[in-house]
Structure formats: C-alpha cells, structure tokens
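Peer 1:
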Amino acid sequence: MGYPAKEIKRVIGPAMGAILFSHHLGGVVSHENGIYCPSGFAEKAFDASGKKIMIFSRCKINPFEKNLICEDVITTGGTVERTMDAIEKQESLVSELIFTLVNRSGLKEIRGRKIIALFDKHLPNYKPEDCKYCKMGSIALRAKEGNNWQLLHQNYPTH
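Okay, structure coming up:
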C-alpha cells in the first residue's frame, strides 16, 4: 500500500459514489493489517444556515481513531473537506493521505493531506461565459439537479 496501514482503523468515503470504494479499500487495509478494518460513509446534509455539510447518520466512527478518506472523483475538493469536518466533529482523526480513483481538481493535497490518485488529470470547470460550448449554444447542466438527468438521457433527433 505504500502507507503505514497499521495506523488506519477505518476507511471513510462520501456517499454515494465512494461507498463501494471505501468498502474495497477497507479490505486492502484489512489484508495489510491482518485485522479487520471496517469502512463507513458520510452523507450530504445541510446545517441550520443551509450550508452543505457531511454527517454520519447511518454509520458510527470512534473518537481518536485514524480514518483514511477515499473519494471516487475529486472535482474541487469540497466534499473531501466536508468529510474531514464530519470526522473531526466526531473527535476522530484524518490520515495523512487521501485516496481517489480520479483527481480532476489540479490539487496535489487538501489541508496538507497528499492526494493519491489512480488517474490524475486537471479537467477545469468553466463559467458559462468562458465555456466554448456554451458560446455555441450548449447548456451547462448539473446532472443530479431537478430533471436534468432526464434531459441528458432523452433521445434527441439526428440530422
């Protein structure tokens, strides 16, 4: 693993994309340690002011244990940071590394923790006024908002 796996007591991934990744990475850590390393996940929520946060509502983490964070895709690092906040709110610890399948953020670390990626390529996000596709008439949609998923997957006529 290239990392002192003995320190890791749990692997945490943000729901929903990293749940399976955290489960399988927990298996790798378990194999390295020779003892079971459970996985868990933090879920998206909003605080009283409407700010995005991550919480542990369906799994429990223990205080003072070291948790390895994994993510399927890092785009801005925001979900990873909110997951760190959720772990620290439980008085638990965050490991020195973050494992991800895809790092498209251009970041090399988040809060001093090195990102280890299977695929690492900066793929920038564009504001609509800077996007060449938007200038040609394309509409930028967030796939998981409203009925955008249906719009993105409907049949369009071909010419």
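1 is the number of the first residue of the sequence shown in the working numbering; add one for each residue after it. We put the beta carbon where it would ideally sit given N, CA and C, even for glycine.
1) Measuring alpha carbon to alpha carbon, tell me which residue in M84, V73, Q150 and R142 is nearest N67.
2) Figure out for me which residue from E7, T79, E96 and D120 has the closest Cα to the Cα of E65.
3) State yes or no: is the C-beta of R10 within less than 7 Å of the C-beta of G40?
4) Looking at C-alpha atoms only, which residue of I69, Q90 and E91 is the closest neighbour of A117?
5) Is it right to say P128 is buried, meaning 16 or more other beta carbons lie within 10 angstroms of its own, or is it exposed?
6) Quick one, are the C-beta atoms of R111 and E96 less than 7 Å apart?
7) Among Q150, C134 and M54, whose alpha-carbon lies nearest the alpha-carbon of Q90?
8) Are V102 and V73 touching if we call contact CB-CB under 7 Å?
9) May I have a chain-ordered list of the beta strand (DSSP E) segments no shorter than 3 residues that lie completely inside the region 78-133?
10) Could you give the distance in angstroms between the alpha-carbon of H24 and the alpha-carbon of K132?
11) Compare the C-alpha of H122 against each of G106, A42, W149 and H153 and name the closest.
12) In whole angstroms, what separates the C-alpha of P14 from that of T76?
13) Tell me the rounded alpha-carbon separation between D47 and Y36.
Peer 2: The short version:
1) Ranking the options by Cα distance to N67, first place goes to M84.
2) Of E7, T79, E96 and D120, the residue nearest in Cα terms is E7.
3) Yes, the Cβ-Cβ distance between R10 and G40 is below 7 Å.
4) Among I69, Q90 and E91, the Cα nearest to that of A117 belongs to I69.
5) Result: exposed.
6) E96 is positioned such that its CB atom lies no closer than 7 Å to that of R111.
7) Distance from the Cα of Q90 is smallest, within the candidate group Q150, C134 and M54, for M54.
8) Contact: yes.
9) Under the rule that a run must span 3 or more residues, the beta strand (DSSP E) segments found entirely inside the region 78-133 read 93-103 and 113-120.
10) Here the alpha carbons of K132 and H24 stand approximately 39 Å from one another.
11) Closest by alpha carbon: G106.
12) Taking the straight line joining both Cα atoms gives about 14 Å.
13) Each residue's CA atom was taken as its position, placing D47 and Y36 some 33 Å apart.
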